[in-house]
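Structure first, commentary second.
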Amino acid sequence: MRVVILGSGVVGVTSAWYLSQAGHDVIVIDRESGPAQETSAANAGQISPGYAAPWAAPGVPLKAIKWMFQRHAPLAVRLDGTPFQLKWMWHMLRNCDTRHYMENKGRMVRLAEYSRDCLKTLRAATGIEYEGRQGGERCSSFAPRNSMRTPPVISQCWKMLGCRISSWNPADWRKLNPLWLRLRIN
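Read in full-length UniProt numbering, the sequence shown has 91 at position 91, and its numbers run on one by one without any break.
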């Protein structure tokens, strides 16, 4: 079968490779002069399945109302009142509780882990290289009044997924990284 892929970013090129391996005749078309010039450009090469999370989360509905009046909101919904949009909003609202958040985050992390494993297999099969690091730990901090999702929900999810969770005070953060001595942490 002949297949046309639109876009030569990471998804387009990877899809083309797998389709080609399956015996298809593939052509990749991109509007840019070279590969990975748009979404795939400057993504820092970070592969962190634990950070996959649904937008439908506790606290998001109230924040979404505030975000509607911000020019560069993290979640932008322009109300048009169509039945499709109202149905979508209702379904999202129904998923903005702790139980659904944890269930959906678990699904997203499993999918992200599968994607990471596929990337490892692809790298081994092709020898491709990029400026990414494998392994290591991630360190995140959450200030309850500023965080998008309440820290207890995040902690519960990460524990459920087997992540190590520590609670630190500002002095602990400064010991971890002296650069933070210059930061005001409350």
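Think of the CB as a built atom: it goes at the ideal place given N, C-alpha and C, for glycine as much as any other residue. Predicted, not measured: the structure shown is a model, and the values here were computed from it.
Residue i - DSSP class collapsed to helix/strand/coil
i: isoleucine 47; result: coil
i: valine 77; result: coil
i: aspartate 117; result: helix
i: arginine 123; result: helix
i: arginine 99; result: helix
i: arginine 174; result: helix
i: arginine 164; result: coil
i: arginine 2; result: strand
i: isoleucine 65; result: helix
i: asparagine 169; result: coil
i: histidine 72; result: coil
i: tryptophan 55; result: coil
Distance between beta carbons of residue j and residue i, contact taken as under 8 Å
i: aspartate 97; j: proline 58; result: 6 Å
i: glutamine 156; j: methionine 102; result: 6 Å
i: isoleucine 47; j: leucine 119; result: 7 Å
Distance CB(residue i)-CB(residue j) smaller than 7 Å
i: tryptophan 90; j: leucine 75; result: no
i: glycine 9; j: alanine 42; result: no
i: proline 49; j: glutamate 131; result: no
i: arginine 2; j: aspartate 25; result: yes
i: tryptophan 158; j: isoleucine 165; result: yes
i: isoleucine 5; j: serine 15; result: yes
i: leucine 86; j: proline 61; result: no
Minimum Cβ-Cβ distance from residue i to chain C less than 7 Å
i: valine 26; result: Any reference to chain C falls outside this structure, which holds one protein chain only.
Residue i, buried or exposed, once every other Cβ within 10 Å from all chains shown has been counted against 16
i: lysine 105; result: buried
i: alanine 64; result: buried
i: glycine 23; result: exposed
i: glycine 7; result: buried
i: cysteine 34; result: A quick correction: the sequence has glycine, not cysteine, at residue 34. Classification of glycine 34: exposed, given that the 10 Å Cβ count is below 16.
i: glycine 81; result: exposed
i: glycine 12; result: buried
Check your understanding: What runs of the beta strand (DSSP E), each 3 residues or longer, lie entirely inside the region 5–49?
Key -> 25–29
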